[in-house]
Amino acid sequence: MEEGGRIIVVSNRGPVTFSRGESGEREHSRGAGGLVTALNAVVRRAENAVWIASAQSEEDLAVAKEPAPYEVEDLRIRLVEHDPKSYDLMYNVLANPLLWFVQHGLYDLPYSPALGEETRRAWEEGYVPVNRNFAEAVVETAAGEESPTVLLHDYQLYMAPLFVRERLGGDVFISLFVHIPWPEPDLWRVLPGYVREGVLESLLAADVVAFHTRRYARAFAETAAAVLGAEVGDGVVRYRGREVWVREYPISIDPEEFEELAGSEAVLEQEKYVKGLPGKLLLRVDRTDLSKNVVRGFAAYGRMLERHPEMKGEVTFLAQLQPSRTDVPEYAEYMEAVGRTAEEVNERHGTDSWRPVELFMEDNFPRSVAAYKNFDVLLVNAVRDGMNLVAKESAVINEKNGVLVLSENAGAHEELGEHALTVNPFDVDEQADAIHAALTMPEAERERRAKALRDTVKSNTIEDWVEAQIEDIESYRERHG
Ligand code: F6P
114 MEEGGRIIVV
124 SNRGPVTFSR
134 GESGEREHSR
144 GAGGLVTALN
154 AVVRRAENAV
164 WIASAQSEED
174 LAVAKEPAPY
184 EVEDLRIRLV
194 EHDPKSYDLM
204 YNVLANPLLW
214 FVQHGLYDLP
224 YSPALGEETR
234 RAWEEGYVPV
244 NRNFAEAVVE
254 TAAGEESPTV
264 LLHDYQLYMA
274 PLFVRERLGG
284 DVFISLFVHI
294 PWPEPDLWRV
304 LPGYVREGVL
314 ESLLAADVVA
324 FHTRRYARAF
334 AETAAAVLGA
344 EVGDGVVRYR
354 GREVWVREYP
364 ISIDPEEFEE
374 LAGSEAVLEQ
384 EKYVKGLPGK
394 LLLRVDRTDL
404 SKNVVRGFAA
414 YGRMLERHPE
424 MKGEVTFLAQ
434 LQPSRTDVPE
444 YAEYMEAVGR
454 TAEEVNERHG
464 TDSWRPVELF
474 MEDNFPRSVA
484 AYKNFDVLLV
494 NAVRDGMNLV
504 AKESAVINEK
514 NGVLVLSENA
524 GAHEELGEHA
534 LTVNPFDVDE
544 QADAIHAALT
554 MPEAERERRA
564 KALRDTVKSN
574 TIEDWVEAQI
584 EDIESYRERH
594 G
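Take a look at the structure:
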């Protein structure tokens, strides 16, 4: 890796957010989320790496104005200031919902999306300029460097490979990691032609396009063949005389980090609450995202209680939901639907001494970790999910031989499916049955499954994820000079 020159990691959301403390000094808080933890592992491995991300807060904007990368917690961070209108169009119209919805199969296709002028404007005045801005920051950061390595992350940055390539030519290594599902070609065709082709042309200007699963990597290659007529081989797409490697690297976690967290003061404090909940603990931990399938999850739990009234009072469903993308109308509506459905289950099945669902729509990571340690059943029933790190994080610290009920459409299913109870995320009855089977599973089977989950996660950690990519970067460079 060192031979390849400076490493530049780029993601829309950065590792920290800056603010001003009461006495006026600059402070920062660590960004939450699996992607940030994962990219930390990449950046910390390489000397001199720089992480480029969007400025989000007011103090971030001040950091963005500084000429050199800003050093904090061993990281070199360069924040990019975008025009607020462009950023809004990129984030709230083009990336979330349009790309996110298409890639997670969330549209009710007879009615939506209704593409038109607004879409084109969001592309031309939002997505494209924001991506050019990122590419510009890459070019500035790479100035004077020989053979830099540019690692771009996720669907907010699909146009960046092309813009970086245009500016830096063939000497730079470029990869783009797609952290969300890649849909089948026909679903990709929901996008207007200029997005559908523009994104693919740009991704094929990279050297490596990476995904979490074989299923997504295969779907991407098929889409490139169907939409652009690219030539597809085993793990390779050839287009306009270039060879692009299409690879899968299942993202993971740092087990030690979670083992340490599990013993922290904040988590122990929250454990008092979690352990006080009546009966067995059914848990879900998610962002309030439509792709997570929260509403059907509550419906399935309600149905389980209908079919098995003897379970009333014997279980509590704790839903820890972190608010997300609240400026996108579909997300705001979804949060209401989530609240409503939980309330319906509580009204229908609750008693004076027992509330079936405990719903929190707030960010409380220590409570989530406390619940990771104590759940009997974890529900991950996503419509589609790039990976789902909650399934992995919780497996390494759960102390109850907790059973995982897992959607066949979560990326984690490729690795963990055989040790979980698999569900079709659209089948409410099947989920009700799986929840019941998990709650009543004999101890020996619970133990066997929980151990297998833990061992599987520990056999592919975040370090392995980074290592596999570095090996491929080196091989790619050796082969292509
Ligand atoms: O991995 C999916 C992803 O969209 C990341 O790109 C992102 O940082 C994270 O989920 C959270 O989403 P957001 O940054 O929109 O809050």
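Residues 114 to 594 in our numbering are what the sequence shown lists, from first letter to last.
Note that CB positions come from ideal geometry on N, CA and C, so glycine has one too.
Being a predicted model, the structure only gives us computed values, none of them experimental.
- Among the bridge pairs identified by DSSP, Gly346 is matched with Val349.
- Shown here, Trp295 sits in coil according to DSSP, grouped into three states, outside any helix or strand.
- The beta carbon of Phe247 sits closer than 7 angstroms to those of Val123, Ile165, Val193, Leu270, Ala273, all from its chain and outside the five residues before and after it, given in chain order.
- Taking all protein chains shown into account, Glu314 has 16 or more neighbouring C-beta atoms within 10 Å of its C-beta and is therefore buried.
- Counting C-beta pairs with one atom in each stretch, the region 524-537 and the region 545-563 have three or more that are closer than 8 angstroms, which means they touch.
- Looking only at Ala483, His266, Asn573, the smallest Cα-Cα distance to Pro368 is reached by Asn573.
- Looking from the CA of Asn537, the closest CA among Arg400, Asn522, Phe478, Pro210 belongs to Asn522.
- When DSSP states are grouped into helix, strand and coil, Leu300 belongs to the helix group.
- Judged by pairs of C-beta atoms under 8 angstroms, the region 258-267 does not touch the region 224-236, as fewer than three such pairs exist.
- When the alpha-carbon of Leu289 is set against those of Arg309, Leu300, His325, the nearest one is in His325.
- Apart from the 5 residues on each side of it in sequence, Tyr240 sits with its Cβ closer than 6 angstroms to the Cβ of Met203, Leu207 in its chain, given in chain order.
- For Asp498, DSSP records a beta bridge to Ala523.
- Separation of Val407 and Pro436 (C-alpha to C-alpha, rounded to the nearest whole angstrom) is 13 angstroms.
- A heavy atom of the ligand F6P is found nearer than 7 angstroms to the CB of Ser437.
- Contact check between the region 509-525 and the region 157-177: fewer than three CB pairs, one atom from each, fall below 8 angstroms, which does not count as touching.
- Taking all protein chains shown into account, Gly499 has 16 or more neighbouring C-beta atoms within 10 Å of its C-beta and is therefore buried.
- Here the alpha carbons of Phe276 and Asp476 stand approximately 36 angstroms from one another.
- Gly524 sits buried, since 16 or more C-beta atoms from the chains shown fall within 10 Å of its C-beta.
- Taking a C-beta distance under 8 angstroms as the contact criterion, Leu403 and Phe430 do not qualify as a contact pair.
- Here Ala168 is not near Val155, since their CB atoms are 8 angstroms or more apart.
- Counting along the chain, Glu258 sits inside no beta strand (DSSP E), nor does DSSP assign it H or E at all.
- At a Cβ-Cβ threshold of 8 angstroms, Ala343 and Arg351 count as neighbours.
- The region 375-390 makes contact with the region 479-493; the number of CB pairs closer than 8 angstroms reaches 3 or more.
- The distance from the Cβ of Tyr220 to that of Val303 is about 7 angstroms, consistent with a contact at the 8 angstroms cut-off.
- Residue state for Asp399 is assigned as strand, using DSSP reduced to three classes.
- For the pair Val340 and Pro391, the Cα-to-Cα distance works out to about 54 angstroms.
- Non-local C-beta neighbours of Glu506 in its own chain, meaning closer than 7 angstroms and more than five positions away in sequence, comprise Ile366, Phe371, Tyr485, ordered along the chain.
- Taking 8 angstroms as the cut-off, the Cβ atoms of Tyr362 and Gln544 do not count as close.
- Apart from sequence neighbours up to five positions away, the residues of its chain that approach Asn209 with a beta-carbon distance below 6 angstroms are Arg438, Val441, ordered along the chain.
- Three or more Cβ pairs closer than 8 angstroms define a contact, and the region 169-189 meets that threshold against the region 123-132.
- In the three-state DSSP reduction, Ala432 falls in the strand class (E or B).
- For Glu335, same chain residues with a beta-carbon under 8 angstroms away, outside a window of 5 residues either side, are Glu297, Pro298, Val345 in chain order.
- Gly229 is classed as exposed because its beta carbon has fewer than 16 other beta carbons within 10 Å across all chains shown.
- The ligand F6P has no heavy atom closer than 7 angstroms to the beta-carbon of His421.
- Distance check between Thr454 and each of Ser466, Glu471, Asp465 places Glu471 closest, using alpha-carbon atoms only.
- Between the ligand F6P and Leu148, a heavy atom-to-CB distance of less than 7 angstroms is present.
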